[in-house]
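Following the working numbering, the numbering of the sequence shown begins with 5 at its first residue and continues without gaps. Each residue gets a CB set at the ideal place from its N, CA and C atoms; glycine is no exception. Presented below is the structure to which this report refers.
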Amino acid sequence: MSTDISALKEIDGFIGGCLVDSDSGLMLASEGGGKDFDLDIAAAANTNVVKAKLNAMEALGLKDDGIVDILITLGSQVHLIRPLAKTPAIFLYAALSKKANLGMARLKVKQVEQSLKF
Numbered sequence: 005m006s007t008d009i010s011a012l013k014e015i016d017g018f019i020g021g022c023l024v025d026s027d028s029g030l031m032l033a034s035e036g037g038g039k040d041f042d043l044d045i046a047a048a049a050n051t052n053v054v055k056a057k058l059n060a061m062e063a064l065g066l067k068d069d070g071i072v073d074i075l076i077t078l079g080s081q082v083h084l085i086r087p088l089a090k091t092p093a094i095f096l097y098a099a100l101s102k103k104a105n106l107g108m109a110r111l112k113v114k115q116v117e118q119s120l121k122f
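So this is what it looks like as structure tokens:
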């Protein structure tokens, strides 16, 4: 089992990131964050975001589709949520400053996902 997400730090504008079990809202791994950005809170709160989107998809009859990623754009930050393709109940979360290149960030998060072993 490998849950190394340290490569997320390579994303320009990286603030913090974590690997989260959406069944419990608990982190399996984390990187960055700190006193100004609580990753435990981010993990639990973004679990609700993923569950809400899955419920919306079901209500819309999109049950045969899946989430590739969820982008949340704030005034000063961008948050990227990516459920794992092989294990959708687990997702990667990355908080980035607005200076981040979104295309490169999405590519790096996908690469980190592919490096994980469960």
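Beta-carbon separation (whole angstroms), residue i vs residue j, contact threshold 8 Å
i           : j                : result
leucine 100 : isoleucine 19    : 6 Å
valine 72   : asparagine 50    : So it is not a contact: roughly 16 Å between Cβ atoms.
serine 34   : phenylalanine 95 : Rounded, the Cβ-Cβ distance is 13 Å, inconsistent with contact.
Unbroken alpha helix (DSSP H) run spanning residue i, endpoints
i             : result
leucine 58    : 43-63
glutamate 117 : 106-119
Close Cβ partners of residue i (< 6 Å) along its chain, the five nearest in sequence each way excluded
i          : result
glycine 17 : Leu100, Ser101, Lys103 and Ala104
Interface flag, residue i vs chain D, CB-CB below 8 Å
i             : result
isoleucine 45 : The chain labelled as chain D is not found in the depicted structure, where only one protein chain is given.
First through last residue of the beta strand (DSSP E) which encompasses residue i
i             : result
aspartate 25  : 18-25
isoleucine 76 : 74-77
glutamate 35  : 30-36
isoleucine 94 : 94-101
Rounded C-alpha distance that separates residue i from residue j
i             : j            : result
isoleucine 45 : serine 28    : 13 Å
glutamine 118 : leucine 111  : 11 Å
lysine 57     : methionine 5 : 28 Å
proline 92    : leucine 43   : 20 Å
leucine 84    : lysine 39    : 20 Å
threonine 7   : alanine 47   : 15 Å
alanine 11    : glycine 37   : 14 Å
valine 113    : alanine 98   : 8 Å
leucine 88    : lysine 121   : 11 Å
Own chain residues within Cβ distance below 7 Å of residue i, not counting five before or after
i             : result
methionine 31 : Cys22, Leu23, Val24, Leu43, Asp44 and Ala47
Own chain partners of residue i with C-beta closer than 8 Å, once the 5 adjacent residues on each side are dropped
i            : result
aspartate 69 : Met61
Per DSSP, cross-strand counterpart(s) of residue i
i          : result
leucine 84 : Leu75 and Ala98
serine 6   : Lys121
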